[in-house]
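Participant: Could you have a look at this structure, given as structure tokens, before my questions?
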Amino acid sequence: MTRWLPILSLALSLLAADHAAYSGKIPSYVSPCKRDSDDLNQCIVNAWEALRPKMGEGIPKLKIPPLEPFSIPETSIDRRTDSLDVKATMTQLAIMGVNSVIFSKLNVDLTDLSGSVSLAFADLNVTTLYVMDAMLMKIVPVKGQGKFNGTLNDVKVNVTGRAELSPKNERGNSYLKLVEIKFKGFIGDAIGRLVDTTNNPENKIFAETANMFYDNNRRGVLDILTPFIEEFCESLVLGLANQVLSSLPFEEMFIEAASKGPLIKKPKITSL
């Protein structure tokens, strides 16, 4: 989820900047970023900050969903490891605080179409309905269905990604496709509560036992859950990013100076 912010929003910023330079239809607060700029990374950051107020409500024309809250109608998890065995379905998943992201150490390399960025969130509030059958640390069963409400504090994520460029179409446009993305995250702390909504007394006991176990072992449980969250975000963002990037021509996102020839090495051309 988080990585889709720098990839999609910065791509959007650059696309908007390009149209502003050529058509004047995009608001003047978006400044164009050129491929040969010594301050390309900072220019991208500035463009994103200019568009941040609009990202909360989303931009439907470019398939950008609202960020406040960031909503996922339904998703499933089916994983088994030594420390966690879980099969769950979550619906009406909503995350508040995504648009407050602060990113640093942005590094975009147009030569090999790679990039990295560090993201930070002060707080992320998460709510969802769930149906779950899980075993935590082989000793704590969590079964039933209900509601979850929690807050993640001091979330930091280091993200790396790599893209490929499609052959140009009949209009002379090529498109980026994100082919690899990796998250490395750290959750400083989190509070949360499972509330079972079934009429099964046993399931209510499972939920309360899980809540109590988490309260007494927060750091250990967070360390177990973090790789699952990273994997979930990688899969989610890959699909979202490519959905948006498929409508944004590379030549419009990253413009060249009109008086100069190519300003970067030609990227490796691969088929989508």
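When you line the sequence shown up against mature numbering (1 follows the signal peptide of the UniProt record, and there is no 0), it's residues -20 to -1, 1 to 252, in that order.
Note that the Cβ used here is the ideal one computed from N, Cα and C, for glycine as well.
The structure presented is a predicted model; accordingly, all values stated were derived computationally and were not measured.
Kindly identify the DSSP beta-bridge partner or partners of Pro207.
Facilitator: Locating residue 207 in the sequence shown gives position 227, counting from the first residue. Its beta-bridge partners do not exist; DSSP assigns none.
Participant: Please report the distance separating the alpha-carbon of Leu116 from that of Ser80.
Facilitator: As a first step, residue 116 is located in the sequence shown; it is residue number 136 there, counting from the start. As a first step, residue 80 is located in the sequence shown; it is residue number 100 there, counting from the start. About 32 angstroms.
Participant: Which residue marks the beginning of the beta strand (DSSP E) containing Asn183, and which one marks its end?
Facilitator: Counting from one through the sequence shown, the residue named residue 183 turns up at place 203. Run containing Asn183: none in the beta strand (DSSP E); it sits in the alpha helix (DSSP H), 181 to 196.
Participant: Between Ile75, Leu225, Leu90, which lies nearest to Gly130 when the distance is taken from Cα to Cα?
Facilitator: In the sequence shown, residue 130 corresponds to position 150, counting from 1. The shortest C-alpha separation from Gly130 is found at Ile75.
Participant: Ends of the alpha helix (DSSP H) at Met35?
Facilitator: Here residue 35 is taken as the residue at index 55 of the sequence shown, counted from 1. DSSP places Met35 in the uninterrupted alpha helix (DSSP H) bounded by 20 to 35.
Participant: Considering only residues of the stretch 116 to 190, which uninterrupted beta strand (DSSP E) runs meet the minimum length of 3 residues and lie entirely inside it, listed in chain order?
Facilitator: 120 to 145, 156 to 176
Participant: Take the Cβ of Phe166 as the centre, count every other Cβ of all protein chains shown within 10 Å, and call the residue buried at 16 or more, exposed below.
Facilitator: As a working note, residue 166 is residue 186 in the sequence shown. It counts as exposed.
Participant: Run through the DSSP bridge pairs and tell me what Asn87 is partnered with.
Facilitator: Taking the first residue of the sequence shown as 1, we reach residue 87 at position 107. According to DSSP, Asn87 bridges with Ser96.
Participant: Taking Phe50 as part of the beta strand (DSSP E), name the residues at either end of that continuous run.
Facilitator: Here the question's residue 50 lines up with position 70 in the sequence shown. Here the beta strand (DSSP E) through Phe50 covers 50 to 60.
Participant: Just to check my reading of the structure: Leu90 and Phe234 have Cβ atoms closer than 8 angstroms, yes? What is that Cβ distance to the nearest angstrom?
Facilitator: Within the sequence shown, the letter at position 110 stands for residue 90. Within the sequence shown, the letter at position 254 stands for residue 234. That belief holds up - the Cβ atoms of Leu90 and Phe234 are roughly 6 angstroms apart, short of 8 angstroms.
Participant: Sorted by chain position, which residues of the same chain lie with C-beta nearer than 7 angstroms to Asp18's C-beta, five sequence neighbours on each side aside?
Facilitator: Within the sequence shown, residue 18 is the residue found at index 38, counting from 1. Contacts found: none.
Participant: Just to confirm my understanding: we take Pro7, look at its own chain, exclude 5 residues before and 5 after, and list those with CB closer than 6 angstroms. What are they?
Facilitator: As a working note, residue 7 is residue 27 in the sequence shown. Note on Pro7: pLDDT 40, under 50, position unreliable in the model; no value is reported.
Participant: Pairs of beta-carbons, one from the stretch 106 to 122 and one from the stretch 186 to 194, closer than 8 angstroms: are there three or more?
Facilitator: yes
Participant: On a Cα-Cα basis, can you pick out the residue from Leu218, Asp176, Val135 that is closest to Phe101?
Facilitator: Within the sequence shown, residue 101 is the residue found at index 121, counting from 1. The shortest Cα separation from Phe101 among Leu218, Asp176, Val135 belongs to Val135.
Participant: Is the distance from the Cβ of Lys164 to the Cβ of Asn138 below 7 angstroms?
Facilitator: Residue mapping note: residue 164 aligns to position 184 of the sequence shown, counting from 1. Residue mapping note: residue 138 aligns to position 158 of the sequence shown, counting from 1. Taking 7 angstroms as the Cβ cut-off, Lys164 and Asn138 qualify as a contacting pair.
Participant: Under 7 angstroms between the Cβ atoms of Gly141 and Ile161?
Facilitator: In the sequence shown, counting from the first residue as 1, residue 141 sits at position 161. In the sequence shown, counting from the first residue as 1, residue 161 sits at position 181. For Gly141 and Ile161, yes; Cβs fall inside 7 angstroms.
Participant: Can you tell me the Cβ-Cβ gap for Glu231 and Ser154, rounded? I've got them flagged as a contact below 8 angstroms.
Facilitator: Sequence index remark: in the sequence shown, residue 231 carries index 251 (1-based). Sequence index remark: in the sequence shown, residue 154 carries index 174 (1-based). Yes, they are in contact, since the Cβ atoms of Glu231 and Ser154 sit about 7 angstroms apart, within 8 angstroms.
Participant: In whole angstroms, what separates the C-alpha of Thr177 from that of Arg151?
Facilitator: In the sequence shown, residue 177 corresponds to position 197, counting from 1. In the sequence shown, residue 151 corresponds to position 171, counting from 1. Straight-line Cα distance between these residues: approximately 55 angstroms.
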